[in-house]
Amino acid sequence: MTYQESLKLKTRGHGHMQDLTGTISKIVAQSGIKTGIVQIFNVGSTASIGIIEFEPGLEGDLPAVLDKLIPPSLSYGHQQAWQDGNAHSHLQSTLLGQGLTLPVANGKPVLGTWQQVFHLENDIKARERTVVITVLGT
Amino acid sequence: MTYQESLKLKTRGHGHMQDLTGTISKIVAQSGIKTGIVQIFNVGSTASIGIIEFEPGLEGDLPAVLDKLIPPSLSYGHQQAWQDGNAHSHLQSTLLGQGLTLPVANGKPVLGTWQQVFHLENDIKARERTVVITVLGT
Amino acid sequence: MTYQESLKLKTRGHGHMQDLTGTISKIVAQSGIKTGIVQIFNVGSTASIGIIEFEPGLEGDLPAVLDKLIPPSLSYGHQQAWQDGNAHSHLQSTLLGQGLTLPVANGKPVLGTWQQVFHLENDIKARERTVVITVLGT
């Protein structure tokens with residue numbers, strides 16, 4: 001069995017994190033699939049999907065860590081070619097990843113109590129995003 | 001076809017790596033699935049799942065690299081809110097990822113000779129962990 | 001339904017990126033699967049698979065960022081044990097990941113216009129690589 005849904009997300013710009021866990025659980029429930037996997041994917045190369053304990057402290061820490069590891073700067077090759085100021089957005093998104101997969105058991109995504117799936121805007125401005133969620137199993 | 005198993009793992013604390021490859025192969029064999037994928041997932045947001053050549057050198061290098069990139073420190077926002085001393089554990093786990101997927105061919109996970117799946121404890125103390133392994137295919 | 005194909009890739013050595021998007025689309029089309037997922041996996045622990053806007057600027061930026069985060073060096077534990085000069089290759093590959101999954105919709109991998117799947121050689125010399133592509137769905 002395969003079930004797929006796509007959703008729209010408005011982001012407020014660089015570093016904006018949103019908790020997708022509730023939406024994913026709802027889609028898995030709608031799919032009728034009891035055992036399998038659910039794959040979550042951001043369409044576009046300057047935002048990312050990951051897992052974290054979703055709370056205000058880490059919501060600030062994660063974008064800060066990414067900006068420390070891959071700082072905003074106009075010295076990247078991407079900037080020389082495109083002058084769009086978001087080379088670090090691309091590189092942060094590549095490092096963190098733009099999709100992930102969870103197991104599904106008993107008709108629910110398997111997650112710990114303090115383990116949530118987030119969408120992170122890495123781009124430098126507010127964007128409208130599409131996220132595709134695919135459930136496979138029996 | 002879908003097959004799922006969950007396993008318990010005891011960890012010795014921050015930086016403890018364990019090789020899951022043998023266990024994954026056994027579960028794939030038990031599933032009877034010949035062609036498809038196997039997904040491995042750590043339940044909980046302060047440990048990670050990854051791939052490496054599992055040998056003592058890299059077993060020391062990987063936790064050291066993570067501690068260099070995202071140092072243990074009490075200055076994270078997560079620490080201000082929770083005082084549990086493991087903000088870096090969360091962030092390292094988010095960066096490395098808490099699950100991954102391998103192809104299955106001829107009833108076995110496809111891996112190179114020096115390519116193993118590991119579980120890495122990022123938290124600051126010994127923990128009991130649950131890992132969920134899901135096999136899908138035909 | 002499950003469909004799997006494996007392909008050979010020649011790489012030119014450290015930092016060589018190749019765009020796999022066209023090949024993946026062709027394999028998804030051949031699979032006959034309309035809705036589901038496609039998983040792409042590099043066999044071997046010193047190359048990686050990721051997503052980026054595939055253009056010459058970022059093609060230089062990404063390997064440079066990885067070399068900054070995890071510098072080539074002979075001081076790693078892996079080097080002490082094996083003297084093969086590629087400890088950073090292993091660690092970069094572990095950090096970026098050796099496989100990823102995309103959704104499939106309407107018989108095509110779902111990707112944004114500026115979102116491509118790449119293979120990155122992290123090893124220090126030219127290599128011949130095997131990439132396994134698995135399509136699952138209906």
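Chains as they are written, first to last, in my numbering: chain H, 1 to 138; chain U, 1 to 138; chain L, 1 to 138.
No residue lacks a Cβ here, since even glycine has one placed at the ideal position from N, Cα and C.
As the structure is a computational prediction, the values presented were derived from the model and not from experiment.
TODO: Note down the Cα distance separating H/R12 from U/S45, rounded to an integer number of angstroms.
DONE: Taking the first sequence and counting its residues from 1, the one referred to as residue 12 of chain H is at position 12. Taking the second sequence and counting its residues from 1, the one referred to as residue 45 of chain U is at position 45. Rounded to the nearest angstrom, the two C-alpha atoms are 25 Å apart.
Task: Closer than 8 Å to chain U by CB, H/V43 - done: Position 43 of the first sequence, counted from the start, is the residue given in the question as residue 43 of chain H. Under the Cβ criterion of 8 Å, H/V43 is not counted among the residues facing chain U.
Task: Own chain residues within Cβ distance below 7 Å of L/N122, not counting five before or after - done: To locate residue 122 of chain L, count along the third sequence from 1; it is residue 122. Non-local C-beta neighbours of L/N122 in its own chain, meaning closer than 7 Å and more than five positions away in sequence, comprise H14, T46, A47, S48, S89, Q92, S93, ordered along the chain.
- [ ] Give the straight-line distance between the Cα atoms of H/G210 and U/E55, rounded to the nearest whole angstrom.
- [x] Because chain H here runs from 1 to 138, residue 210 of chain H falls outside it and cannot be looked at.
Open item on the list: Less than 8 Å between the beta carbons of L/L20 and L/V104, yes or no?
Closed with: Stepping through the third sequence from its first residue, residue 20 of chain L is reached at position 20. Stepping through the third sequence from its first residue, residue 104 of chain L is reached at position 104. Going by C-beta atoms, L/L20 is not nearer than 8 Å to L/V104.
TODO: Could you tell me whether the region 50–64 of chain L touches the region 96–113 of chain L, using the rule of 3 or more Cβ pairs below 8 Å?
DONE: The answer is yes - the region 96–113 of chain L touches the region 50–64 of chain L, with three or more Cβ pairs under 8 Å.
Task: Bridge partner(s) assigned by DSSP for L/H90 - done: Here residue 90 of chain L refers to the residue found at position 90 of the third sequence. None, per the DSSP bridge assignment.
Open item on the list: For H/Q30, which residues in the same chain have their Cβ closer than 8 Å to its Cβ, ignoring the five residues on either side in sequence?
Closed with: Locating residue 30 of chain H in the first sequence gives position 30, counting from the first residue. Answer for H/Q30: Y3, E5, listed in chain order.
TODO: With DSSP as the reference, label L/K68 as helix, strand or coil.
DONE: Residue numbering aside, residue 68 of chain L sits at position 68 when the third sequence is read from its first letter. Helix.
Open item on the list: At a threshold of 7 Å, does H/G15 count as lining the ligand ZN (C-beta to nearest heavy atom)?
Closed with: Ligands in the displayed structure: none, and consequently the ligand ZN is not present.
Task: Cβ distance (whole Å) where U/V132 is taken to contact U/V28 below 8 Å - done: Counted from its first residue, the second sequence places residue 132 of chain U at position 132. Counted from its first residue, the second sequence places residue 28 of chain U at position 28. Not really, about 14 Å apart at Cβ, beyond 8 Å.
Open item on the list: For H/M17 and H/T138, which I take to be in contact (beta-carbon distance under 8 Å), what is that distance rounded to the nearest angstrom?
Closed with: Here residue 17 of chain H corresponds to residue number 17 of the first sequence, with the count starting at 1. Here residue 138 of chain H corresponds to residue number 138 of the first sequence, with the count starting at 1. At roughly 33 Å, the Cβ-Cβ gap does not stay under 8 Å, so H/M17 and H/T138 are not in contact.
Open item on the list: If contacts are defined as beta-carbon pairs under 8 Å, then U/G77 and H/G57 qualify, I think. What distance do you get, rounded to the angstrom?
Closed with: For this step, residue 77 of chain U is matched to residue 77 along the second sequence. For this step, residue 57 of chain H is matched to residue 57 along the first sequence. The pair is a contact, with the Cβ atoms about 4 Å apart (cut-off 8 Å).
Open item on the list: If the criterion is Cβ atoms closer than 8 Å, does the pair H/Q98 and L/T101 meet it?
Closed with: Residue mapping note: residue 98 of chain H aligns to position 98 of the first sequence, counting from 1. Residue mapping note: residue 101 of chain L aligns to position 101 of the third sequence, counting from 1. No.
Open item on the list: Can you pull the chain U neighbours of L/Q115, defined as C-beta to C-beta under 8 Å?
Closed with: Taking the third sequence and counting its residues from 1, one reaches residue 115 of chain L at position 115. Under the 8 Å cutoff, chain U gives no residues; its nearest Cβ is about 19 Å from L/Q115.
Task: Proximal residues of chain L, C-beta to C-beta of U/I133 below 7 Å - done: For the purposes of this step, residue 133 of chain U is identified with residue 133 of the second sequence, where counting begins at 1. Chain order gives no chain L residues near U/I133, where near means a beta carbon separation below 7 Å; the closest approach is about 15 Å.
- [ ] Consult DSSP for U/S73 and reduce its assignment to one of helix, strand or coil.
- [x] To locate residue 73 of chain U, count along the second sequence from 1; it is residue 73. Assignment of U/S73 by DSSP, reduced to helix, strand and coil, places it in the coil class.
- [ ] Using a Cβ-Cβ cut-off of less than 7 Å, give me the residues of the region 33–63 of chain L that come near chain U, in sequence order.
- [x] Cβ contacts with chain U come from Q39, F41, V43, G44, S45.
Open item on the list: Please list the terminal residues of the continuous alpha helix (DSSP H) segment that includes U/A29.
Closed with: Position 29 of the second sequence, counted from the first residue, corresponds to residue 29 of chain U. If you look at U/A29, you'll find it in the alpha helix (DSSP H) that goes 21–31.
Task: Residue-chain proximity (U/G15, chain L), Cβ-Cβ < 8 Å - done: Position 15 of the second sequence holds residue 15 of chain U. No - not a single Cβ of chain L is within 8 Å of the one on U/G15.
Open item on the list: Relative to the C-alpha of H/T204, which candidate in H/V43, H/G32, H/I24 has its C-alpha closest?
Closed with: Given a span of 1 to 138 for chain H in the structure shown, any question on residue 204 of chain H remains unanswerable.
Open item on the list: With DSSP as the reference, identify every bridge partner of H/M143, one or two as the case may be.
Closed with: Nothing about residue 143 of chain H can be read from this structure; chain H reaches only from 1 to 138.
TODO: Could you work out which residues of chain U lie near H/T138, taking near to mean beta carbons separated by less than 8 Å?
DONE: The residue given as residue 138 of chain H occupies position 138 in the first sequence. For H/T138, the C-beta contacts it makes with chain U under 8 Å involve M1, T2, in order along the chain.
Open item on the list: Taking beta-carbon pairs under 9 Å, can you tell me which members of the region 89–100 of chain H lie near chain L?
Closed with: Residues passing the 9 Å Cβ filter: H90, L91, S93, T94, L95, G97, Q98, G99, L100.
Open item on the list: Within 10 Å of its beta-carbon, does L/E128 have 16 or more other beta-carbons around it, so buried, or fewer, so exposed?
Closed with: On the third sequence, position 128 is the one that residue 128 of chain L refers to. That one is exposed.
TODO: Please check the pair U/N106 and U/K26, which I expect to be a contact at CB under 8 Å, by giving their CB distance rounded to whole angstroms.
DONE: Position 106 of the second sequence, counting from 1, holds the residue named residue 106 of chain U. Position 26 of the second sequence, counting from 1, holds the residue named residue 26 of chain U. Not quite, the Cβ-Cβ distance comes to about 15 Å (not below 8 Å), so this is no contact.
TODO: Give the C-beta separation of H/L69 and U/L96 to the nearest angstrom, bearing in mind that I take them to be a contact with Cβ-Cβ under 8 Å.
DONE: Residue 69 of chain H sits at position 69 when you count from the first residue of the first sequence. Residue 96 of chain U sits at position 96 when you count from the first residue of the second sequence. Not quite, the Cβ-Cβ distance comes to about 13 Å (not below 8 Å), so this is no contact.
Task: Contacts around U/L66, its chain only, beta-carbon distance under 6 Å, and the 5 residues preceding and following it disregarded - done: In the second sequence, residue 66 of chain U corresponds to position 66, counting from 1. Excluding positions up to five away in sequence, the list reads Q92.
Open item on the list: Please identify the residue among L/E59, L/G32, L/P72, L/K8 whose C-alpha is closest to the C-alpha of L/L120.
Closed with: Your numbering for residue 120 of chain L matches position 120 in the third sequence. The shortest Cα separation from L/L120 among L/E59, L/G32, L/P72, L/K8 belongs to L/E59.
Open item on the list: Quick check on H/V110 - is its C-beta less than 8 Å from some C-beta in chain U?
Closed with: As a first step, residue 110 of chain H must be located in the first sequence, where it is residue number 110. It does: the Cβ of H/V110 has a partner Cβ on chain U nearer than 8 Å.
TODO: Report the three-state DSSP secondary structure of U/G57 (helix, strand or coil).
DONE: Counting from 1 along the second sequence, the entry for residue 57 of chain U is found at position 57. Here U/G57 sits in helix by DSSP.
TODO: Would you mind telling me which residues of chain H sit closer than 8 Å to L/L7, beta carbon to beta carbon, in chain order?
DONE: Along the third sequence, one-based indexing puts residue 7 of chain L at 7. What L/L7 touches in chain H: nothing, since even the nearest Cβ is about 21 Å away.
Open item on the list: Please list, in chain order, the chain H residues whose beta carbon lies closer than 7 Å to that of U/I70.
Closed with: As a first step, residue 70 of chain U is located in the second sequence; it is residue number 70 there, counting from the start. Residues of chain H whose Cβ lies closer than 7 Å to the Cβ of U/I70 are, in chain order, V65.
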